[in-house]
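The structure appears right after this line, and notes come after that.
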Amino acid sequence: MGIFFSKNKLILGIITGVILGGIVGSYFPSIGVKSQIIGDLFLNALKMIVLPLIIVSITLSIMKVGNLGSIGLKTIIYYVITTSISVAIGIFVVTAINPGVGNEAFTGNLPDFVKSKEGFSITDVLKQISTPNLFKSAYEFQILPLIIASILFGIAFGKMGKENQLIIDFFELSDKAIMKIVHWIIALTPIGIFGLIAGKIGAAGGGAEVLNIAMQLGKYVTSVIIGLFIHGFIILPLILLLFGKRNPIEYFKSMSEALLTAFSTASSSATLPLTMKNVIEDAKVSPKVGKFVLPLGATMNMDGTALYEAVAVIFIAQSYGIDLSVAELILVFITASLAAVGAAGIPEAGLITMVLVLQAVGLPIEGIGLILAIDWLLDRFRTTINVWGDSIGAAVIDNIEKT
Ligand code: ASP
Numbered sequence: 099m100g101i102f103f104s105k106n107k108l109i110l111g112i113i114t115g116v117i118l119g120g121i122v123g124s125y126f127p128s129i130g131v132k133s134q135i136i137g138d139l140f141l142n143a144l145k146m147i148v149l150p151l152i153i154v155s156i157t158l159s160i161m162k163v164g165n166l167g168s169i170g171l172k173t174i175i176y177y178v179i180t181t182s183i184s185v186a187i188g189i190f191v192v193t194a195i196n197p198g199v200g201n202e203a204f205t206g207n208l209p210d211f212v213k214s215k216e217g218f219s220i221t222d223v224l225k226q227i228s229t230p231n232l233f234k235s236a237y238e239f240q241i242l243p244l245i246i247a248s249i250l251f252g253i254a255f256g257k258m259g260k261e262n263q264l265i266i267d268f269f270e271l272s273d274k275a276i277m278k279i280v281h282w283i284i285a286l287t288p289i290g291i292f293g294l295i296a297g298k299i300g301a302a303g304g305g306a307e308v309l310n311i312a313m314q315l316g317k318y319v320t321s322v323i324i325g326l327f328i329h330g331f332i333i334l335p336l337i338l339l340l341f342g343k344r345n346p347i348e349y350f351k352s353m354s355e356a357l358l359t360a361f362s363t364a365s366s367s368a369t370l371p372l373t374m375k376n377v378i379e380d381a382k383v384s385p386k387v388g389k390f391v392l393p394l395g396a397t398m399n400m401d402g403t404a405l406y407e408a409v410a411v412i413f414i415a416q417s418y419g420i421d422l423s424v425a426e427l428i429l430v431f432i433t434a435s436l437a438a439v440g441a442a443g444i445p446e447a448g449l450i451t452m453v454l455v456l457q458a459v460g461l462p463i464e465g466i467g468l469i470l471a472i473d474w475l476l477d478r479f480r481t482t483i484n485v486w487g488d489s490i491g492a493a494v495i496d497n498i499e500k501t
């Protein structure tokens, strides 16, 4: 439970924050824009705690698990299978709806953060694994090298026999302190989310303007949302039921704070503190598993992003009047999965790694201009599915570890 509110009151508070944020952003955009500062303060608080949370959780869980091989392998297998299913759903939906056929392609203005990534390749994804400077990675919010360093320290501490009690005590106390701070931050979620939603809709020019843009790209938006819906509400719950042996509705309820925060922040990494709290404290997944699987998932396992990248790239191809062959669709399948692994858990990171998919099938990166206007909104839906996929992964691995 939250430190100041019971879980139900907190969820009610968050839903109120979402609704009020939507109303203020839609009808009073200038007040919405001013409210952004509240959202930014909340987001900064979450981001501030994320790095210590990841380092301490992973080191502690590896020290205790001892045998990383078993849990690590199962986690990776879960990621590969669920990501592949989601991309396949994306390809299926977009080729059935054909949102880009007859759509007029234009060359939009690309934002600098995408332009500077021209030439982004698989090598760049691989390079994210290691770093010569952990502080630089932390400063740049590159989480993967920090995870790998934490795994290495966890293994090393785990091998220290009797001496390691001191270090276990240290990490356990740090973990408790971090979770206390997480609870304090979580108590601010309703107001933080209000600021984020009001600010974003306000900056987009109000509700009518958002609706207008969404309608212009209506078929594309519908394809992404239908794909995410099938994966999030049919496939993942089935996986949870069959392999996690849990009731999906109950699990969904336990995860509600994290899912609403993912929707509001569009960042799986910033949502991680809430994901951990919901999975471990509310859904009672064993901390040993949750503390390893969730931070890794927030960085590497992005079902929503993978599905979205496939839909977006095929939509762009269709808009340019290009019919992709089966071999090219397979290439989209592989690169979209990799692009999702390579995307950071931050807003619109998927747009950057999409360059990799576009280039693999020879499409111009300017095609991203076609989907830019609505990306911030779709980002929220895909991030929610990313976090949902991570949390189901934790329940599935937990169940498999127990049996
Ligand atoms: N915003 C997404 C996340 O944090 C990544 C993306 O698809 O842009 O999970």
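Numbered by the working numbering, the letters in the sequence shown go through residues 99 to 501 in order.
Beta carbons: idealized from backbone N, C-alpha and C, even for Gly.
Given a length threshold of 4 residues, each whole run of the alpha helix (DSSP H) inside the segment 142–211 is given here in chain order: 166–195. The beta carbon of Ile328 sits closer than 6 Å to those of Ile187, all from its chain and outside the five residues before and after it, given in chain order. Collapsing the DSSP output to three states places Thr229 in coil. If one requires a minimum length of 3 residues, no beta strand (DSSP E) run lies completely within the segment 348–390. The Cβ atoms of Ala442 and Glu407 lie no closer than 8 Å to each other. With the criterion CB distance below 6 Å from any heavy atom of ligand 1, the matching residues run Ala364, Ser365, Ser366, Met400, Thr403, Ala441, Gly443, Ile444, Pro445, Glu446, Ala447, Gly448, Asp477, Arg480, Thr481 and Asn484 along the chain. For Met452, the uninterrupted alpha helix (DSSP H) segment begins and ends at Ala447 to Ala458. The distance from the Cβ of Ile245 to that of Ile152 is about 7 Å, consistent with a contact at the 8 Å cut-off. Using a 10 angstroms sphere on the CB of Gln134, the tally of other CB atoms reaches 16 or more, which defines it as buried. When the Cα atoms are used, Trp486 and Val439 turn out to be separated by approximately 16 Å. With respect to the 8 Å criterion, Asp273 and Val154 are classified as neighbours on the basis of their beta carbons. The criterion of a C-beta distance shorter than 8 Å is satisfied by Gly491 and Tyr176. The distance from the Cβ of Ile444 to that of Ser365 is about 5 Å, consistent with a contact at the 8 Å cut-off. Ser423: not part of any alpha helix (DSSP H); DSSP gives it neither H nor E. Around the beta carbon of Met400, 16 or more other beta carbons sit within 10 angstroms, so the residue counts as buried.
Per DSSP, Met313 is one residue of the alpha helix (DSSP H) stretching across Gly305 to Gln314. Here Ala434 has Val185, Ala404, Glu407, Ala408 and Val455 as same chain residues with Cβ atoms under 6 Å from its own Cβ, once five neighbours each way along the sequence are excluded. It is roughly 44 Å from the alpha-carbon of Ile121 to the alpha-carbon of Gly170. Met258 counts as exposed, since fewer than 16 other beta carbons sit within 10 angstroms of its beta carbon.
In this structure, Ser168 lies away from Phe390, with their beta-carbon atoms at least 8 Å apart.
For Pro288, the enclosing alpha helix (DSSP H) begins and ends at Thr287 to Ala301. Rounded to the nearest whole angstrom, the C-alpha separation of Phe350 and Ile414 is 33 Å. Ile324 is the residue among Ile324, Gln240, Leu339 and Val308 whose C-alpha sits nearest the C-alpha of Val191.
Your pair Gly115 and Ile289 checks out as a contact, with CB atoms roughly 6 Å apart and the cut at 8 Å.
Taking a C-beta distance under 8 Å as the contact criterion, Leu429 and Val383 do not qualify as a contact pair. For Glu355, the number of other beta carbons within 10 angstroms of its own is at least 16, and it is reported as buried. Here the alpha carbon of Thr481 sits roughly 34 Å from the alpha carbon of Gly256. Within the model, the alpha-carbon separation for Gly305 versus Tyr125 is close to 7 Å. Per DSSP, the unbroken alpha helix (DSSP H) holding Arg478 starts and ends at Leu470 to Lys500.
When DSSP states are grouped into helix, strand and coil, Lys343 belongs to the coil group. Counting other Cβ atoms within 10 Å of its Cβ, Met313 stays below 16 and is therefore classed as exposed. A residue is called buried when at least 16 other Cβ atoms come within 10 angstroms of its Cβ; Val411 meets this threshold and is buried. When DSSP states are grouped into helix, strand and coil, Glu238 belongs to the coil group. For the pair Leu394 and Thr373, the CB atoms are not nearer than the 8 Å cut-off.
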